[in-house]
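For the sequence shown, UniProt numbering assigns the number 169 to the last residue and increments by one with no breaks. Ideal Cβ positions, reconstructed from N, Cα and C, are used throughout, including at glycine.
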Amino acid sequence: MANCCECYPQEISQQACPVCGTPGFKVKHVTVKSLVAGEKASKVKEVNYFLCPNKKCEIVYFSPDDKTYFLKTDLRVRVWLKDDGLDVPLCYCQEVTRKDILEALASGCPVDVKAVMECTGAGRGGNCLYRNPTGRCCHPALEEFIARQKESQRETEAAIGWGVSSGGK
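Given below as structure tokens:
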């Protein structure tokens, strides 16, 4: 089992989603094969696949090679890039959801990626290629979500006046 951080880098391609036109991310066919469910799984071939990151688009994976595509409903899992639900995993290997992270933060875990990984077990699976819809490490998703939580925390503190000098009154 490889360290998930050793996954290949994510690059935006010039291949655009056939429905929304958003440039996709290259995804290995083994990722697509392991996540497409039911009878659609037999349609996964050893061709180039791309993930459409547009949240509003129903297409998750598409291949310009054989003109196939797979929808959100064709997958075994909900895709964090396309679904903001609290019960959607950010770390698929350990099944750590947004809700799990929020609960860890509420119970005192520092608002920091490394601390959240320690508190929740996220980022320790090493099966990202097969379990994460991007086929890559969950660290970018964790970093993005935690950055939003930090910003929300700062906004809340500013709104209620915490951390703001009273000007010596």
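The beta carbons of Phe62 and Val36 sit no closer together than 9 Å. Comparing C-alpha distances from Arg76 to each of Ala141, Val32, Asn54 shows the shortest one belongs to Val32. Val79 sits away from Pro140, with the two beta carbons spaced by 9 Å or more. The alpha-carbon of Asp83 is positioned some 13 Å away from that of Ile59.
For Gln14, the three-state secondary structure derived from DSSP is strand. If you ignore the 5 residues before and after Pro64, its C-beta comes within less than 6 Å of the C-beta of Gln15, all in its own chain and listed in chain order. In this model, Val30 and Gly126 are separated by some 15 Å (Cα to Cα).
The way I'd put it, the region 92–107 doesn't touch the region 47–54; fewer than three beta-carbon pairs between them come closer than 8 Å. Per DSSP, Ile146 has no beta bridge partner at all. Comparing alpha carbon positions, the residue from Leu102, Gly121, Thr120 closest to Lys150 is Leu102. Ile160 counts as exposed, since fewer than 16 other C-beta atoms from the protein chains shown sit within 10 angstroms of its C-beta. Per the coordinates, the alpha-carbon of Glu157 lies some 25 Å from the alpha-carbon of Gly85.
When rounded, the separation of the alpha-carbon atoms in Lys28 and Lys43 is 15 Å.
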